[in-house]
Every structure is written in structure tokens, then in C-alpha cells.
Amino acid sequence: MIPSDQWEKVKTILQAAIDLPDGDRAAFIDKESAGDEDVRSEVETLLEAHDEAGTFIGSPIASVSDLLGGTQGASREGQEIGAYKILREVGRGGMGAVYLAERADSQFKKQVAVKLIKRGLDTDEIVSRFRNERQILASLEHPNIARLLDGGATDDGLPFLVMEYVEGTKLTTFCNDRALGINERLDIFLAACSAVAHAHRNLIVHRDLKPSNIFVTADGQPKLLDFGIATLLTPSGDLATRRTSPDLNVMTPEYASPEQVLGEPVTTQSDVYSLGVILYELLSGSRPYEFESRSLEKILRTVCDFEPARPSSRSHPNVGDVDVRPLNRKSLRGDLDNIVLMAIRKEHERRYTSVEQFAEDIRRFLAGLPVIAREDTFGYRASKFIRRNRAGVAASAGIGLSLIGGLAMTMRQSRIARRQRDKAERINRFLQRTLASADPRAAGRDAKVTEVLKLAADAIESDFAAQPDIAADLNTTIGLTFLSLGQVEDAEPHLEHALDARSRLYGPVHPETAVAMNNFGRVVQSKGDLRRAESLFRRSLSIMRRSRSADPLDVASVLGNLGYLLMLEAIYDEAIDMHGEELAILGRTRGEHHPEFARTLGNLANIYAAIGDTVTAEPMHRRALTITRRYYRGEHPDIAQAMLHLAIPIQAAKPNEAEDLCRSSLEMRRRFFGDGHPETAWSRYHLGGVLLRQGEYGEALECSDAILRYRGDSIPEMHSIINSTLLMRARGLGGLDRWSDAEPLVRECIKLRERTLPADHWLIDAALGYLGECLLEKGHFDEAAPLIRKCYFALRDKLGPEHEHTRSAKRRLVRL
Amino acid sequence: MEANRSQEVTVFLKAWSGGDRDAADRLMLLVYDELRKLAASYISRQRPDFTLQPTALVHEAYVKLIDVSQVDWKDRAHFFAVAARTMRNILVDHARAAAADKRGGGAQKIELDEAISFSDRKSDVDLLALDEALKQLALQDELQSKTVELRFFGGLTVEETAAVLNISPATVKREWATARAWLYRQMKSTLT
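Pasting the structure below:
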């Protein structure tokens, strides 16, 4: 504890610093603490705690919201909230209580529903979000949607929202009370779908669809309540890109999709999922899941892992409060089972791509036509493909396979102008149509994603001949998706086309053109033309630097690509500068707890590790791993990556920890990517390296065998993992004194490296040095000596005399 | 009898809202008493692995003690302020008893739960550690400690907290943010 006069000072500085942007804080604290180190360190640690605290004590332990209504409704009845007079309570749920009210000042007594949000949520934030969103929500006019009319805060500081009052019955109750048959149920459901589809076209996602949010009026019209409300109540704006811890206050776990309970970005396909659960319940009388307990862990496990039974197999309701009578089981079997199960698939990429497509399939069923939904057998195979590529797919700017959802959210979040929205909508429709027309039976095996993309690609030219800007956007999306799937050849024409089109449309020095240049540079780099890629990245960067309207995240992306390339080319100083600047931008825009920040931190640390500065690299890697783990709960490719990155620089000093990290990383990647993926191979390669260092030659050889099994198959010959593994294998054999077996492998490695790397790259020198060692061991002194000498001097000049590789080359030289 | 006490409480509330510090103490006794009794009866009524629902507790006390037609939201806030202090004591005592049971291998398991919310986030906080940290914070900054008590143990909004502490809502927000940071730093090691 610090003296009280100092505490006042700390408090003043801290409270002012909290409101400052990240970048300005350090200077401010410096100035205000005026050299008092105690004050400064107190402020800094508290500021850090402030940023980390998250939801800590954020919700009150004894929430007293119940006291504001309920059986004591008297306390609100007759009260005025905003301009509305409360008549009586009509319902209550997770978010708070709902009252019937009427405008206090109005001559014509129009009745409305006032939703009083419960305590524990930040009133100011909700009210300001409401103000931001009200334009969009007001535009949501549809006969099946109850409109949001107004919002504000009560005197005692609770947020409230005012909605159109709907007199009706909960969807499931309505169907059951009237003993409706399957077709009648489907008709009502389709009307609800059309409302959701309308909202999606306006780029609004419901996020909390459930029977109690779908009221049916006496004449059988469904009305959707609470549209846009969940969005208002979800903390922190950038929904499309930012993962938050799942906010269980604003969703209902029975109807929440896996991505929602995981706190991943929510898209229009999350609504498809919830509608699927509702249909499941309407048809079978049961919900797909029941939860043993309401703990987050149980909910996560059930929603994400448990495969629901077919609706037709559920003859009895399994949940006490489900009030739907099951229908004739026989008529559910087959198509309807498939339709429902397709809507509630775990992976959003494997659901219907849109509510419209879902509804269309139901209509086809009603008309006796064949439906799109199939049993899972085909899809399962495709899904394995998707799952394997999930990380790569997600990396492609969040677009990937959830093309529609992704685009919709991106567009919506950036709140771009109406014109842009039209553009987004046209793109959506195009993708929906193309995706829907892909016949899964014709595709077979693992080809589906590619098939669909190719189909889309073919249609771009004809569909958007008159709109080259949209064609360029679509080419970019498709090209990046191919790229993230590792299909460089397929990506190339699209990204090249996008670059050409944008140069023509916007001119060669426009930021949009620079973005296209950056994308195309990635293709060029992947094809091995590092020099040309470098010049594309540099040009893109200089255009962005000169433009005032360039998006900082685009600048960061170029910096990251260029930094990585420079590292490959062993131009370390500049690579450090690039990643350093990228890191600063990401820290400002994404924040220092964002996985992108952590990824860049890891890349930067890798360069320090590459130049032998493990003292700098290790803590950076540890920080990156901590950020990543905290962000993603459980498993994630980024965690596997961060573990591996940390393992590399610490393998000499902490071999046991390094080995554990490599093994965990390997296991995680095998699960995510499959055994033959290059990423998995890298984990295995470094595990082999750690084992070699510990003298476990046999086990290291097993690692290299396991990698080389995929050589020329899922791992191309030119991939750098191949030549590195060849060398590792040679070193393992050398360790077992099998020098004659080792030598040809080293030669193979050198040949590959000479073909894929710049001629003066130190990796070639290092391999030549090891060739020298093989020859020396075999007694060919004269051949070995010049190699060993050259290796030492080259490494000394390129990596410095203190680098680990230089020192081991020196030891070799001394033996000579 | 009930009616009399309810009137009494309401009068004290109004007096306190009007600035009478004595009224706060007397009110405290009444409410504290009631809540204690309620908590005890809750425990005896439930199965051994019962779940303590703080909201329900305060709720019941509120219904018993307050004449809702007589008080406005500011009076109510003062009631919650007392309830917050009481809830803190009751909950911390329970946490302590539960911890002792755990050590002694006792059968009674006490969980905190909320009737409406099904998030288990609330029990993430180690109440004993929080109580300890709050006591330390009070030594340094009484106002902040009080703010946390009202917001976390009483569920008061910013406006209600401001009314009880007689400061502006903006000040409540600032103190709350700083106090949360201080407590988080203090308790970091106890968080999972």
C-alpha cells in the first residue's frame, strides 16, 4: 500500500490515463508522474489490470432486478418510463422484464411493449449503441417483424427499449393448442423465415431466435420479437471480427449455435442454426439437446460435441417444459429429418448458406420436389476437408467459406453507405445462387469447396460484366479463399485479375489497388518468386503510405507480408522494422489482447530467434502464447503455432519444456489439419530437432520418416519443410554414425535449397557445412576442409560470431 | 406487527435519504436481522447441497420490509445499500463455512447461483479473497470500497450508487473503474 497523498496522485493520473488512447498513455504517465517511480509503477500496473480485468466482478452477485417488477409489479405499474406509462407486466426473461405500456402524452393510446433491461449491463453503452443502431433497426419494416420504436434510460439508470406490442401466443404453444399438422406448422415457419431473410438482407442478425421470440397472432401470422436487441446488449462493437467470451446473458443455450457459445463471430448462419432448432422442436416435440447443468462447460460440450438424434426418432418430449406434441413419426423420416439436421450442423459452413436456401428446401419438400439436404455421409467427408482447412479458411480475412455471413457482417460492421450495401447485397445473392446450385452428389469426396468456388468463378464474368468493381471484389474473395486452401495455381488468375481491374478502375496508385497488389504478392511469393513478391509488397506499401485513406489494417497486412518475406531472405534488420511497425498498428487498432497482435509478436520474436537473440525472443513468445490462450479457450491453430514458436528458442536451455510444447502443438495440429499438412509437419520437424539435441536419434528419425511420407503428395517437393527434414534426417543418421547414409540426404537438401532460396542464403551454407562433416567422418579430409571453412566464415558474416549455428560451425572447424 | 415494521423501515429510509446518518444504523439493524433470519431458514429448508440465491433472499426481505407504494427509487437505493452490506457478510460467511467444510470433508456444499442467469461466471470470484481485498482497499480509499460493495453485492446501478453515496454518476464510474483495476491486480493470483 502506498501513502495516501501518493494514492490521490495515482488515482488522478490513472483515471485520466484510462480515457486516453493506448498510444498516448505512456507519454502522459511519464509527464504526470514527474519522475516519481513509485507513482509511475503504481499507475502502470493498475492500468494494465484495468485493461485485463474483462468481466471481473462485472455482474453483481446479488442482482436485484427482480425487485423492480415481478410479483411486486406494483413498483413499476403506473410509473412512467421515458414517455411511456406502464400498464402491466407481460413477461420476463434473461434480459429483464417486459411491460405493456402506452405513450403518456399521446391522444391516441397506442400500446407498446417496454422492455426493461436487467441490472449488470452497462446502461450508457447500451443506450449509445441503441442510438447508433436505431437508423438501421428502424429500416427493418416487415409484416412479420415487431418494430423497435424507442429506447433510453430510466431515472434510476436502467436501459429500456420500446417495441411494437404484439398480441399473440408463443409459436410452439400456438401450434400445439390448435393441434396443427406438419404442413400448417411448416407454413407458419416459412413466414417466420421470410422475416429473418428480410432482416439478413438488411444485414441485421437476430442472434437470439427461439419460440418465445416468435409470437403467432390469432390469424396465424408469426411476428418476430427482439430483432437487433441481442446485438444492442452484446458488449463491445466489432462483432464481426472480435471474439468475446460468450455472453450467456443475451442468448438462450438451447437455441444457440456452437459459434455463439464459443464466443466466435456470429453471422446470418447462426440464425439459420437457431431456426433449425426451432423447426426440430416444432416437428418432434423435443429439442435436440438437454443440458445436465447450466454451467458454461456443460453447455459448451453439449452444443459443440453432441450429435443430435434425427427428429423422427424422438417420439417423446425429453424436456419438461416443451409443450409441443410430437407428430406422426413416419412423415418426418427422410427429407424432413435431413432438412432439420442440415440447418443445425455444428460447422456453420455445412449448414444452409442462407435462410432463403433453408426455406427454399422446405418449399421443395412441400411441393414434393427433391431437396438439397442430404444425409451426412457425403457431407461428412467434405467436412473433414473443411475441418482440416479450417484455420486457413478462417485466416482469409474472415471470409473463407462462410462467404455470405462473412461478407454480410463485414459490410454491416463497417457501416458503409447505402451504395455499398446494395453492392454487398448483390454479391450475397450471387453467392447464394452459385452455392445453392452446386450439386453435392456430383462433387463427391473432398472436392466440394473447390467445386463451388470454381462454379462461382465461372459465373463472375457473365454476371458482373457491367460491374467491374463487384467482379474485382468477388475475384479477390475467391482468390484469397483458394490461397488459404493452399491452391496457389487456382488463386493466381483471380488475384491477378482483381489487380488489373482495380488498376484500371481506380488508377495505379489508389489504396484499393494497393490492397490488390498485396494480395497478388502473396501468390507470387507462394510460387517462389521472392524478388518479384518483394517489389509488389514494397510498391503496395508506398502507395498506402502516401494515401490518407488507407485502412491501417491493410497497411499492417502489407508490413506483415513484407516482414515475413524479408525474414525468408535473411534481411533481418528490415524485417524487424516491418514487424515492429505492424505490431504498433495492431496494438492501436486491435488492442494488445488480440490474437492478430499475438501472431505478429510471434513473427517478430521469430526473427530475434533466427539471429540468435533468444533472450529477446523468449519473453515475446511467452507473451504471445499467453494472449492467444486467453483469447481462444481450448484448442486453436494459433495456440499450436504459439507453442511451437516458443519451443524453438528455448530448446537449448529448457529441452524438456520445449519437447512438451512441440508434442502438444503436434497433437493439436494433427487434429485440426490432419497428419499430412505442412503445418503439422513443422511441429513434427521441431520435435525431431529437440530430440536430436537430446541424443534421441531413433525417435528423431521416426519424426523425419513421418514427414517424408507425404513428400510429393500433400507436401510439395519445393516446400521448405522437405529440404529441412532431409537435413534433419541426415543429422539423425550422423548421430548413429551412419555417415554413408547421411551424405546423399544432405546433398539432396542442398540441391533443393539452391533451387528455392537466394544463392547467398545462410541455410545453404549451413547444409554445406554439414556435408563437410559427413565427408570428414568418412575420411575425405580434402573434400571436407574447404566446405567446413567456407561454412564457418559465411555464417560468421551472415549471422554473427555469437549465433548458435556459427559456434557449432566453429567447433567443426576446430576439429578440422 | 409486519405492517408496523414495514412502516418503520420506510420512515428510516426516508430519513436516511434526507441525510440522517442515525437512521442508516437503525435501518441496518432491522434489515440485517431480517436477512439473517431468512438466510438461516433458506438453509434449513433446502437439501444439503442447497444453492444460495442472493437475489431471492434480498427480494424476500424487500417484500417483507418495504411498503412499495411509499418509496421512490432513491429510497429503494438506500435499502439496497443496506442489503448490499448484509449480503456481503452473509455470502462471505457462507464461503468461509464452505471452505472449512471442504477442509474438514463435510458434506454440505454451498454454491452460489442465480435464478435467472445460468452463467457460472459469478462464482468465478473467490468471495473470501474479494472480501479481504475490499477491506484493504477500504483502508486506502473508503469511497471506492463502498462503491464496489454497492455495485457488486447490491447490484445498484451507477445512478443509484451515486444517490446513496451522494456523489455524481460520473464520479461513481471513475471510482468503480479504478477500484476494479485495483482489486483485479490484488486478486489476480486467486482468479482461475
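Chain order of the listed sequences is A and B.
Okay, so the first sequence: first residue is 102 according to our numbering, each after it adds one.
Okay, so the second sequence: first residue is 1330 according to our numbering, each after it adds one.
Where is the CB? At the ideal position from N, CA and C, for every residue including glycine.
Values in this document were obtained by computation on a predicted structure and should not be read as measured data.
Within a 10 Å sphere around the beta-carbon of G835 of chain A sit 16 or more other beta-carbons, which makes this residue buried. In terms of Cβ geometry, R126 of chain A and L148 of chain A form a close pair [threshold 8 Å]. Of the residues assessed, N707 of chain A falls on the buried side of the cut-off, its CB having 16 or more other CB atoms within 10 angstroms. Taking 8 Å as the threshold, the shortest C-beta distance from E461 of chain A to chain B does not fall below it. One Cα belongs to V1340 of chain B, the other to A254 of chain A, and the distance between them is close to 28 Å. Assignment of beta-bridge partners to E203 of chain A by DSSP yields A:K186 and A:Q212. In the three-state scheme derived from DSSP, where H, G and I count as helix and E and B as strand, G377 of chain A is classed as helix. Of the other Cβ atoms in all chains shown, 16 or more fall within 10 Å of the Cβ of Q370 of chain A; this residue is therefore buried. Using a Cβ-Cβ cut-off of 8 Å, S105 of chain A counts as an interface residue toward chain B, since at least one Cβ of chain B sits closer than that to its own. In terms of Cα proximity to V1454 of chain B, the closest of A:L437, A:S385 and A:G155 is A:G155.
Taking the beta carbon of D1470 of chain B as reference, the chain A residues within 8 Å of it are W108 and K112, listed in sequence order. For a cut-off of 8 Å, the C-beta gap from E457 of chain A to A292 of chain A is around 14 Å, too long to register as a contact.
For A150 of chain A, the chain B residues whose Cβ falls inside 9 Å of its Cβ are R1509, A1510, W1511, L1512, Y1513, R1514, Q1515 and K1517, in order along the chain. V267 of chain A sits in coil when the DSSP states are folded into three classes, being neither helix nor strand. Note that the segment 766-774 of chain A touches the segment 734-747 of chain A; at least 3 beta-carbon pairs, one per stretch, sit closer than 8 Å. Counting C-beta atoms within 10 angstroms of its own C-beta, H881 of chain A has fewer than 16 neighbours from the protein chains shown and is therefore classed as exposed. For D278 of chain A and V317 of chain A, the gap between their C-alpha atoms comes out near 12 Å. Taking 9 Å as the cut-off between beta carbons, the residues of the segment 118-147 of chain A near chain B are I119, T146 and L147, in sequence order. Shown here, V317 of chain A sits in a strand according to DSSP, grouped into three states. Unbroken alpha helix (DSSP H) stretches of 4 residues or longer found wholly inside the segment 584-627 of chain A: 589-607 and 612-627, given in chain order. At a cut-off of 8 Å between C-beta atoms, R1365 of chain B does not count as an interface residue with respect to chain A. Rounded to the nearest whole angstrom, the CA to CA distance from Y381 of chain A to I816 of chain A is 43 Å.
Taking all protein chains in view, the Cβ of N1495 of chain B is surrounded by fewer than 16 other Cβ atoms within 10 Å, so the residue is classified as exposed. The CB of G1347 of chain B never comes closer than 7 Å to any CB in chain A; the least such distance is about 18 Å. Annotated as distal: I158 of chain A and F1409 of chain B, with beta-carbon spacing of 8 Å or more. Counting along the chain, P312 of chain A sits inside no alpha helix (DSSP H), nor does DSSP assign it H or E at all.
A residue is called buried once 16 or more other Cβ atoms fall within 10 Å of its Cβ, and M819 of chain A, having fewer, is exposed.
Of the other Cβ atoms in all chains shown, 16 or more fall within 10 Å of the Cβ of D327 of chain A; this residue is therefore buried. At a Cβ-Cβ threshold of 8 Å, S1346 of chain B and K1403 of chain B count as neighbours. R415 of chain A is positioned such that its CB atom lies no closer than 8 Å to that of D438 of chain A.
Counting the other CB atoms within 10 Å of its CB gives N757 of chain A a total below 16, which places it among the exposed residues. Beta-bridge pairing by DSSP links R812 of chain A to A:I816.
Residues of the segment 1459-1484 of chain B with a C-beta less than 8 Å from any C-beta of chain A: L1459, Q1465, L1468, Q1469, D1470, V1477, R1480, F1481, F1482, G1483 and G1484, listed in chain order. By the Cβ neighbour-count rule, A759 of chain A is buried, with 16 or more other Cβ atoms within 10 Å of its own.
In the structure shown, A410 of chain A falls within a coil segment according to DSSP collapsed to helix, strand and coil. As the crow flies, the alpha-carbon of L1512 of chain B is around 22 Å from that of E1488 of chain B.
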